[in-house]
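Some notes on the structure that comes next.
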Amino acid sequence: MFRMLKHHFHPGFFLLFIWLSHLMEHQKVQAGNCWLQQGKNGRCQVLYMPGMSREECCRSGRLGTSWTEEDVPNSTLFRWMIFNGGAPNCIPCKETCDNVDCGPGKRCKMNRRSKPRCVCAPDCSNITWKGPVCGSDGKTYKDECALLKAKCKGYPDLDVQYQGKVQDSTCVVDQTNNAYCVTCNRICPEVTSPEQYLCGNDGIVYASACHLRRATCLLGRSIGVAYEGKCIKAKSCEDIQCSSGKKCLWDARMSRGRCSLCMRPVRRAGRRRRCVPATTPPIPVNVP
């Protein structure tokens, strides 16, 4: 049969036929959908990219990435995601923990359903203090390793405040170097207006006065308000707008300005008047 076809058709026809077959097979391989995760129901969820081969979809090595072979219209994909809890026939890219990189502080572990999952496993080998620690969230952790695990599980800003259990009060030194034992607020009301923002003397933006007082309390020393609003990259006092009655003072060493309430103008012999900051009252850290 092949000899008869070869006798009646030009050899170039067979090369074209083979190329078209390969192209069709390649297009068939390309058809599929890449998903970012496989749900507990076994279906693919969170569509990443349609029209991808499994090789392309799984190339990143990201744990949780899955693939479906069906080349379906967008209306079907929409119905799957909205009404069916995801796409059926979900094929995970990773079936084992082999060559899975979970990132720092995590490792791959097979769960009860024999699926690879990244779990928190911080390196605690260099921790010397074995006792309880107080976290920046106001909670006591049995040790620093337990705090690092909690930080990994969704609290990236969690840090060790001090060694030992959480104390009822904290010693805070105010702007006048006077020490107070105060109770720190752990929760501040939700910010409802951008006008509540404050720029601290440390160059950090605080969402409200309550957030600044809380940071002061946890730090143990005064921070103070540089000016109202978010911190800006000021080159001089000309870039900073102070409220009525206040004057901008520039700290050349820190390259940072702050608005201060002047007590009185002072004239020195042969020099122009300068602003003498009024004594700033202590920040009440134990009130909301």
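UniProt numbering numbers the first residue of the sequence shown as 1 and each following residue consecutively. Glycine is no exception: its CB is placed at the ideal position from the N, C-alpha and C atoms.
Query                                                                                           : Result
Inter-residue CB distance, G61 and N99 (contact presumed, cutoff 8 Å)                           : 7 Å
C-beta contact flag for C134 and K153 at 8 Å                                                    : no
Three CB pairs or more closer than 8 Å across the stretch 37-45 and the stretch 65-80           : yes
Limits of the unbroken alpha helix (DSSP H) element including R113                              : No alpha helix (DSSP H) holds R113; DSSP gives it neither H nor E.
Buried/exposed call for Y206, threshold 16 Cβ in 10 Å                                           : buried
The stretch 136-146 contacting the stretch 100-118, beta-carbon criterion three pairs below 8 Å : no
Buried/exposed call for Q163, threshold 16 Cβ in 10 Å                                           : exposed
Status (buried if at least 16 other CB within 10 Å, exposed otherwise) for E144                 : buried
Range of the contiguous beta strand (DSSP E) that encloses W250                                 : K246 to D251
Best match in A87, G131, R59 and N126 for proximity to C93 [C-alpha to C-alpha]                 : R59
Beta-carbon proximity list for K130, same chain, < 8 Å, skipping 5 on both sides                : D143
Whole alpha helix (DSSP H) elements within the stretch 37-87, 4-residue minimum                 : 54-57 and 74-83
Q196 (DSSP reduced to helix, strand or coil)                                                    : helix
Buried or exposed by the 16-neighbour rule on C-beta atoms within 10 Å, applied to Q161         : buried
Start and end residues, alpha helix (DSSP H) containing E95                                     : Careful: E95 lies outside any alpha helix (DSSP H) and carries neither H nor E.
Any chain B beta carbon closer than 8 Å to Y206                                                 : In the structure shown, chain B does not exist; there is a single protein chain.
Check whether A215 and L198 have beta carbons under 8 Å apart                                   : no
Inter-residue Cα distance where the pair is I187 and V72                                        : 49 Å
CB contact flag (A121, R107, <8 Å)                                                              : yes
G245 beta carbon less than 8 Å from that of A226                                                : no
Residue range of the unbroken alpha helix (DSSP H) whose run includes E144                      : E144 to C152
Whether L218 touches G200 by CB criterion (8 Å)                                                 : no
Candidates C102, P132 and V173, of which the one nearest S222 by Cα                             : V173
Selected residue, minimal CA-CA separation from E95, among V46, A252 and P116                   : P116
Distance, N33 Cα to R54 Cα                                                                      : 8 Å
Proximity below 8 Å, CB of C171 to CB of G224                                                   : no
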